[in-house]
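Peer 1: Just dropping this structure here.
Residue numbers (my numbering): 5 to 703.
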């Protein structure tokens, strides 16, 4: 007797969910893989299949002429594919012409693969968005207006999304990835989140989060099986990255539980014969770098970023800390310092693994493949060494941006504290002599955030920025450089008129220049530039106020060497790798703290535990043998950071209020700013990590 209508329970040991799929069948739920696993299969239900027929007819009617479709497919693989990599390119290029063969054979309504049809339409719609002037002219010769075609496709896909999801195939996951990422990178993350959530549920129903129950010998010897398995993994890791990116950027809940996933990493050498696929991220890659290597490293970084979100912010399924960490360290700030140090070490080790072809510090000094956007626009269906080098350049840039942003995310929780000395009369005084506090974790976190912001500001000198605006990564760059700009802006406002404030302002100027370069393609860059300009005005106002206040002498902080602040000194043995020296910078800022953004709708208060007068000595936070005895030191809230957060909160409030009535004199793209606000772009949500409710509570 089966409790689910149309359902039967069977013993299934090995079955690929892509085989034998029929339109209208609901996704199949599967228990953890293993011999004799019992799972439920659902028979196709006609009531689900009927609504898809009108969608099929409508979608087929949207197909442009073959020559225009071919151009748009080329554009997608020229501009977008390198960033997402959810297809096997050769397979897709061989498959899509079958849509037109069906039409030419006079069976216009006979095509019944709604999943692939929706995926193909999304590909050409995104291709239309990134078609430059030269390609737009070619499309016009075929009677296609690129913007009209794009809008018609998005409208049809959006209205038929439930019909598409009901198919429950691998192509449905790809459609959700394409639609969700388009919304995400073009000003509508609140639409992107549920769409990507649909893709996640379909992916889980297809068991994309689990490894295929076939031995490695079978997968290595059968090219078809290996290709199918790699496509499944590409789709899963694309979903994983989107989920992590949304959580990192907007504070949305992370819905993936790593303990339920045993799928292997992507195989960068999947197309090579007799190459052993990596079983897990724990084993290092010892293979030739390919264009797929980027996705492997980005996926691995997404796992680390998710660990930061879960362990430091509580975003994700399960408790914030594992039982071992809780038992060993409790919930004190000392435990938090240890977790930050551990995550910092893992991130630095990740960076040390990046091969030279994908390492920004190596690639940045090489010449770019295309001298202008116009030249790139004319290279249709690009391939060969020249194009590969161009893609490596873009991929290295994306990895660098993601790494620096995750470093800021990991160190943010410690920015709101500082160390003080306890004098004989029990009063607390600021402790600013860093040469006597080696291993100060709070200054170490400030240093890490400062370095991340300055590193990203140096990207302005790269000519690749002129070309990245023509790709899918334009908004990706905008979001990360905006965060860095805010960080440096607040840093320069903490200690006006100091050398470190001047350095931060130079970095802020560079980051605004990056936003200006990207605003022609990214509305997020337009909005970010406006806010950074307002923040710069605030910084200059504070400097002017201090300059005119002659009653107070200026106090310049002492300069110290890079050895004075060493976060690695607080590293303890908690089953994590030791920090790598590779990739660490020698540039150090003086006594500077990187502040950040706070949502306007959050009160500028610290957590209850810090509102109380309780303090904890550094000796209690750190291992006794790590940095010595610091019982005379205590930690308190850093008032300068709190003040900077409050000031920037006022900047955001002014911007939001101005976008409703008047974008203000600083906005050069007022229409774009107002459109984003009317569409509900959650600018404030992008600043979620700087709110007081995201900070740890310490007993």
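Cβ atoms here follow ideal geometry from the backbone N, Cα and C, with glycine treated the same way. Quantities reported herein were computed from a predicted structural model and do not represent experimental measurements.
(1) Whole angstroms is fine: what's the gap from residue 289's alpha carbon to residue 246's?
(2) CB residue 301 to CB residue 362, shorter than 8 Å?
(3) Return the CA-CA distance between residue 490 and residue 483, expressed in angstroms with no decimal places.
(4) Please classify residue 388 as buried or exposed, where buried requires at least 16 other C-beta atoms within 10 Å of its C-beta.
(5) Flag this pair as touching only if the stretch 175-182 and the stretch 201-215 have three or more C-beta atom pairs under 8 Å; answer yes or no.
(6) Taking Cβ to Cβ, would you say residue 515 is nearer than 8 Å to residue 460?
(7) Strictly by DSSP, which residues pair up with residue 75?
(8) Helix, strand or coil: which one does DSSP assign to residue 127?
(9) Are the CB atoms of residue 78 and residue 384 within a distance shorter than 8 Å?
(10) Are residue 337 and residue 639 touching if we call contact CB-CB under 8 Å?
(11) Are residue 254 and residue 692 close, meaning C-beta to C-beta below 8 Å?
(12) Please report the residue range of the alpha helix (DSSP H) in which residue 397 lies.
(13) Give the range of the alpha helix (DSSP H) segment to which residue 150 is assigned.
(14) Taking 8 Å as the cut-off, does the stretch 72-89 touch the stretch 295-311 (at least 3 CB pairs, one atom from each stretch)?
(15) What's the gap between the Cα of residue 649 and the Cα of residue 160?
(16) Let me know the secondary structure DSSP gives residue 423 once reduced to three states.
(17) Check whether the Cβ atoms of residue 131 and residue 80 lie closer than 8 Å to each other.
(18) Considering Cα atoms alone, identify which of 293, 303, 307 is closest to residue 263.
(19) Beta carbon of residue 269, beta carbon of residue 294: below 8 Å?
(20) So who's on the other strand from residue 641, going by DSSP bridges?
(21) Where does residue 465 land, buried or exposed, given buried means 16+ other C-beta within 10 angstroms?
(22) What residue from 169, 162, 510 has the CA that sits closest to residue 118's CA?
(23) Determine the contact status of residue 475 and residue 518, defining contact as a CB-CB distance below 8 Å.
(24) Checking 8 Å against the spacing of the C-beta atoms, do residue 364 and residue 404 come in under that value?
(25) At the level of alpha carbons, what is the spacing between residue 522 and residue 469?
(26) Return the residue from the list 185, 444, 534, 184 that minimises the CA-CA distance to residue 422.
(27) According to the neighbour-count rule (16 or more other Cβ atoms, all chains shown, within 10 Å of its Cβ), is residue 505 buried or exposed?
(28) Using the beta-carbon count (16 or more within 10 Å), is residue 557 buried or exposed?
(29) Exposed or buried, residue 690, counting other C-beta atoms within 10 Å across all chains shown (16 or more means buried)?
(30) If contact is defined by three or more beta carbon pairs under 8 Å, each pair taking one atom from either stretch, is the stretch 445-456 in contact with the stretch 344-357?
(31) Taking the CB atoms as reference points, tell me whether residue 458 and residue 511 lie closer together than 8 Å.
(32) For residue 424, which of 540, 73, 642 has the nearest alpha-carbon?
(33) Rounded to whole angstroms, how far is the Cβ of residue 527 from the Cβ of residue 150, which I believe are closer than 8 Å?
(34) Nearest CA to the CA of residue 381: which residue from 540, 83, 481, 340?
(35) The alpha helix (DSSP H) that contains residue 477, what's its start and end?
Peer 2: The structure says:
(1) 24 Å
(2) Cβ atoms of residue 301 and residue 362: closer than 8 Å.
(3) Rounded to whole angstroms, the separation of the alpha carbons of residue 483 and residue 490 is 11 Å.
(4) exposed
(5) They touch, by the three-pair rule.
(6) yes
(7) Within the DSSP secondary-structure output, residue 75 pairs in no beta bridge.
(8) helix
(9) yes
(10) yes
(11) Yes, the Cβ-Cβ distance between residue 254 and residue 692 is below 8 Å.
(12) Going by DSSP, residue 397 is part of the alpha helix (DSSP H) stretching over 389-415.
(13) Note, residue 150: alpha helix (DSSP H), 150-163.
(14) Taking 8 Å as the limit for Cβ pairs, the verdict is that the stretch 72-89 does touch the stretch 295-311.
(15) 43 Å
(16) strand
(17) yes
(18) 307
(19) no
(20) 421
(21) exposed
(22) 169
(23) no
(24) yes
(25) 8 Å
(26) 444
(27) buried
(28) exposed
(29) buried
(30) yes
(31) It is a contact, given that the beta carbons lie within the stated cut-off.
(32) 642
(33) Incorrect: roughly 18 Å between the Cβ atoms, too far for contact.
(34) 83
(35) Unbroken run through residue 477: none, as it is neither H nor E.
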